[in-house]
Structure formats: C-alpha cells, structure tokens
Amino acid sequence: MTSILRHLSSATSSRRVINKFDSFLLLHYHTNSLKSNHTLKHYLESGEPIKALLNFKQRYRESPRFIDSFSVLFAIKASSSAHKGHSFMGQQIHALVRKLGFHSIIQIQTSLVGFYSTAGDISSARQVFDETPEKQNVVLWTAMITAYAENDKSVQALEMFRQMEAERIELDEVIVTVALSACADLGAVQMGERIYSQSIKRKRRLGMDLTLRNSLLNMYVKAGDVEKARRVFDETVRKDVTTYTSMIVGYALNGQAQESLELFKKMKRQDSSVSPNDVTFIGVLMACSHGGLVEEGKRHFRSMVEDYNLKPREAHFGCMVDLLCRSGRLKDAHEFINQMPVKPNAVIWRTLLSACSLQGNVELGEEAQRRIFELDSDHVGDYVALSNIYAAKGMWDEKVKMRDRVRKRREPGKSWIEMGNNIAEFVSGGGDDDGKLMVGEISEVLRSLVTSGAFTVAVTGVVASRAA
DNA sequence: TTAGGGTTAG
1 MTSILRHLSS
11 ATSSRRVINK
21 FDSFLLLHYH
31 TNSLKSNHTL
41 KHYLESGEPI
51 KALLNFKQRY
61 RESPRFIDSF
71 SVLFAIKASS
81 SAHKGHSFMG
91 QQIHALVRKL
101 GFHSIIQIQT
111 SLVGFYSTAG
121 DISSARQVFD
131 ETPEKQNVVL
141 WTAMITAYAE
151 NDKSVQALEM
161 FRQMEAERIE
171 LDEVIVTVAL
181 SACADLGAVQ
191 MGERIYSQSI
201 KRKRRLGMDL
211 TLRNSLLNMY
221 VKAGDVEKAR
231 RVFDETVRKD
241 VTTYTSMIVG
251 YALNGQAQES
261 LELFKKMKRQ
271 DSSVSPNDVT
281 FIGVLMACSH
291 GGLVEEGKRH
301 FRSMVEDYNL
311 KPREAHFGCM
321 VDLLCRSGRL
331 KDAHEFINQM
341 PVKPNAVIWR
351 TLLSACSLQG
361 NVELGEEAQR
371 RIFELDSDHV
381 GDYVALSNIY
391 AAKGMWDEKV
401 KMRDRVRKRR
411 EPGKSWIEMG
421 NNIAEFVSGG
431 GDDDGKLMVG
441 EISEVLRSLV
451 TSGAFTVAVT
461 GVVASRAA
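Here is the structure:
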C-alpha cells in the first residue's frame, strides 16, 4: 500500500492523487469509513475531542482497515484541541501517519505542524515541515510560520516569511495576516508596512480582508502609533468586534482613556451588528484603570456580567485589582482579591505587590510576595519590588537579603530592533544590580540612538557592553 | 464525496 501511495504522490496534481487513493480504499470498504469519519467530525464540531480520540482508538483496534486519511486527520485535530495531556496521543498518531505512508498528504502534514505547535514542540513541527515532500504550498508555510509566531519566535517567523517570498510562493490574505502579527510582536512597523504595501500592490483584494486589516491595526497599536491605527480603523468600512476591540485597547494602552471609552459607547450605540466580547471589556477596564475611573470601572464590570452574560476571567479580575491599586485603594484591592470566585494567580498578587512597592506598604507587600512564592512562579522583579519597599522604610537588613536573592536569579533578556529591512536580536546580560534595566528599556535606548543617527554607537557601545 | 493555515487579551 505504501508503494502505491509513493507512486501516486509523485504525480503532479496532489488533489486528484488523494481522491484516487480514497476511491481505492472505498472500493474495498464502502461506506464504513465514511460513516465513522462523520462520527469523528461530529465529536469535533460539538467540542468533544476526547470522545473523538477514544472513538478513533477503538476503531483502530477493532478494524484498522477502516482507518483512512480522513480519520487520521480528524484524530490529529482532536489531539490539538484536547488538553495538553493528550499530546502523547498526537505523537502516536504521527507514528501511524508514517506507518500508513500518509506523510505525503499535505492536509495531514499541515495539521501535524499545527498539532506540534499547540503542544509547544516547535522542533517537531519543523521536522514535519522539513519532511513534507512537496512544499510549494502556501497553507503548509502558513502553518509553520504561525507555529513560530505562536511560540514566541517572531524573529524566526519573519525569517521564514522572507524565505517563502524567495521561493516565490504566492501570498494570500492569511499569510500576510500572520506576518503582520509577527511584526506587531516585535514592534517592527517598517517591515510590516513594507509587507502590507507590497502585498496589496500585487493583489488589491488583500487590502479589503477584514482579519488582515485588524492585524495591521493591531500592529500600529502595539507600536503605540494611535494615529495610524485610527486611520486604518476609519478606512475599514465594515468593522467587527476585533476591529473595535483593538482600537479600544489601543487608546487604553496609550493613556487615552476618554477616547477609549467614547469609542466603546459609540460601538454600542451605532453598530448594532457588533456586540462586545470578553476581550473588549479587558480594554474598557484597562482604560478605566489608566484614567483612574474607579466607579466607572466597577459599573462596566457589572454590566459585563449582567447585560452581556460574559463570565469574567482572570484577566478581568486582574484589571479590577489594577484599577483599585492605581487609585491607591490597596485595602479594597486586597479585599477584592480575597472575594474572587477563582483562585488569584501570580499576576494578580504581583499587581498588588508593585502597588505596595510604590506606596511603601510593607505588610501587604510581604503577604503578596509570600503568595507569589507559594504559587511557585516568583520573578526577579518581585524581589526588587520588595527590596524597594524595605529601602523606602529604612529596613536595610531586609533590603540586602532581597538584593542577594536578585543577584542569584538574574536571567538574560532579549530585545530586537529594526535595521532597515532586517531585525537584529540582542541578548543582554540581564538587569543591572537592582535588576531595573529591563528588556524594554534596552530596546528603547537602542531605538532612540538609531533614530538620532547614532547607529554605530548603539551596536558597538550599548549592546556590546551589555551582551558580554 | 468529509481534508490543511489567520486578527484582539493573557
């Protein structure tokens, strides 16, 4: 059977090859596979991937002959959407793919890349990509580039995007969307603009794609360029909830609380086709937090639950804690944390800790630090924060203890900067003695040096001394 | 006669 597949896969039209292969199977097995595959598909669509996996496993044990490429594909999909604990199952299915010779079927390979990406196993994803015999396919490349982007490797994602362009694979709206998202992650606006303008020059319709435009808008938001973001927003005729949300978050992040809340109001008033979702409310709560609007924030929080039937998640509770902390109501924040229906995570305690650091509240600060430590996710910054509280209170012995713990735990940071058409990556030696010079600041320093024309100084001076 | 890839937050 494997040899038949190999023979078939060497033909030029892969779609026809696969159909031929399936009719070959169906000739023997009739509707059995089809019916069972529909069952698998049904489980997937109704959000029951575990049931799909069990069904697949049972079928494979009882009548392996009824397993065709469709069954395997659905099983891979199920492994991706099932919880992380099932990644072993996915690996077994991958072994089965090899055994059955399905690795030349592009849909299977693409789906496997996605599976490994979800599992956070980027090197296996790349292996699947490399092992795919026919790579002149934009969907396969998109899956791999998305895998890099999803796993915090945007530099590699853009490198691969460039490679793809060199291979002259035709771009479509999906791959451009992903590329822009990677640019957004790195703050590489110039590169994103180049990618966008070149792609709409080649295909005008790409500029009309809503998801792609949302990605472009988001890139400007991430880079803090609210004006350009607003231009994209205004030029987007039919907007969806993501368009509004990105802009609302954009204003909130850049300190324009009023504009953010105005837009939210306008969205509810004018655009009846769009209803806010949980992410929209994160933006709204962020705006209230930055604008110091405690009562308005509380009102939106209630409205989210009562008017829109949305269940607040950790992020929303986090925003509320942030809101209370920023306005100096540390006790209220502490009370709010204790009354939360979900277990507070480290991020929430950290919000309280840094507020305590700003206001010099030793007692609450120590509690927050203890909680973070219990959750086993303490960062260098936590010790810095507490050490600052002690310093402000003149508690020098305690401060020194904290500083020693900082010294032991320094980790290198990374930062990126655009250099014409390139993105350079720098690895710093960690923070300074107080752990204060963090990645963002290094990046800021570099950027200002480059824009002021002191480019060489930035690379040989600041970076070299930090990278040692 | 059922197949593969996308945006927002965290």
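By UniProt numbering, the letter at position 423 of the first sequence is numbered 423, and the numbering carries on one by one without gaps. From the three backbone atoms N, C-alpha and C, an ideal C-beta is built for every residue, glycine too. Values in this document were obtained by computation on a predicted structure and should not be read as measured data.
If you ignore the 5 residues before and after C356, its C-beta comes within less than 8 Å of the C-beta of L330, V362, L364, G365, A368, A385, I389, all in its own chain and listed in chain order. For the set S69, G255, D121, the Cα lying nearest the Cα of K84 is the one of D121.
Along the length of the UniProt repeat "PPR" (209 to 239), whole beta strand (DSSP E) runs at least 3 residues long do not occur. Per DSSP, reduced to three states, the secondary structure at E335 is helical. In terms of Cβ geometry, V174 and S199 do not form a close pair [threshold 8 Å]. At the C-beta level, L34 and A78 stay beyond 8 Å of one another. For L216 against Y196, the beta-carbon gap comes to about 6 Å, under 8 Å, which counts as contact. Put simply, of S154, I76, M89 the residue whose alpha carbon is nearest the alpha carbon of F102 is I76.
The continuous stretches of alpha helix (DSSP H) do not include Q256, and DSSP gives it neither H nor E. A residue is called buried once 16 or more other Cβ atoms fall within 10 Å of its Cβ, and H316 is buried on that count. Beta-bridge partners assigned by DSSP to E367: none are found.
For V221, same chain residues with a beta-carbon under 6 Å away, outside a window of 5 residues either side, are A229, S246, G250 in chain order.
The secondary-structure analysis by DSSP pairs E418 across a beta bridge with I423. Here N214 is actually not in contact with A184; their C-beta atoms are around 11 Å apart, not less than 8 Å. Closest in C-alpha terms to G255, from the list G283, H300, K57, comes G283. Contact annotation: A95 and P49 have beta-carbon atoms that are not nearer than 8 Å. When C-beta atoms of the stretch 341 to 357 are compared with those of the stretch 303 to 310, fewer than three pairs fall below 8 Å, so the two segments do not count as touching. Collapsing the DSSP output to three states places Q109 in a helix. Of all alpha-carbon atoms in F74, E131, R126, L158, the one lying nearest the alpha-carbon of R98 is that of E131.
Straight through space, the alpha carbons of D271 and A149 are spaced by roughly 32 Å. Between the stretch 184 to 193 and the stretch 149 to 165, the count of C-beta pairs closer than 8 Å reaches three or more; the two stretches touch. Apart from the 5 residues on each side of it in sequence, M89 sits with its Cβ closer than 7 Å to the Cβ of L53, S79 in its chain, given in chain order. Within the same chain, Cβ atoms closer than 7 Å to the Cβ of F281 are found at H300, M304, L310, H316, the five residues on either side in sequence being excluded.
For N277, there is no enclosing alpha helix (DSSP H), as DSSP marks it with neither H nor E. Q58 counts as exposed, since fewer than 16 other C-beta atoms from the protein chains shown sit within 10 angstroms of its C-beta. For S197, the enclosing alpha helix (DSSP H) has its first and last residue at 189 to 202. Here DSSP, grouped into helix, strand and coil, assigns L375 to coil. Taking the C-beta atoms as reference points, L323 is found no nearer than 8 Å to L263.
Here T31 is exposed, its C-beta having fewer than 16 other C-beta atoms within 10 Å. Excluding residues up to 5 positions away in sequence, A252, G255, A257 lie with their Cβ nearer than 7 Å to the Cβ of H290 in the same chain.
One Cα belongs to Y60, the other to S36, and the distance between them is close to 11 Å.
In terms of Cβ geometry, S387 and R403 form a close pair [threshold 8 Å].
It is roughly 48 Å from the alpha-carbon of F66 to the alpha-carbon of L375.
Taking a 10 Å sphere around the C-beta of E295, we find fewer than 16 other C-beta atoms and assign the residue as exposed. In the structure shown, T39 falls within a helical segment according to DSSP collapsed to helix, strand and coil. Assignment of D172 by DSSP, reduced to helix, strand and coil, places it in the coil class.
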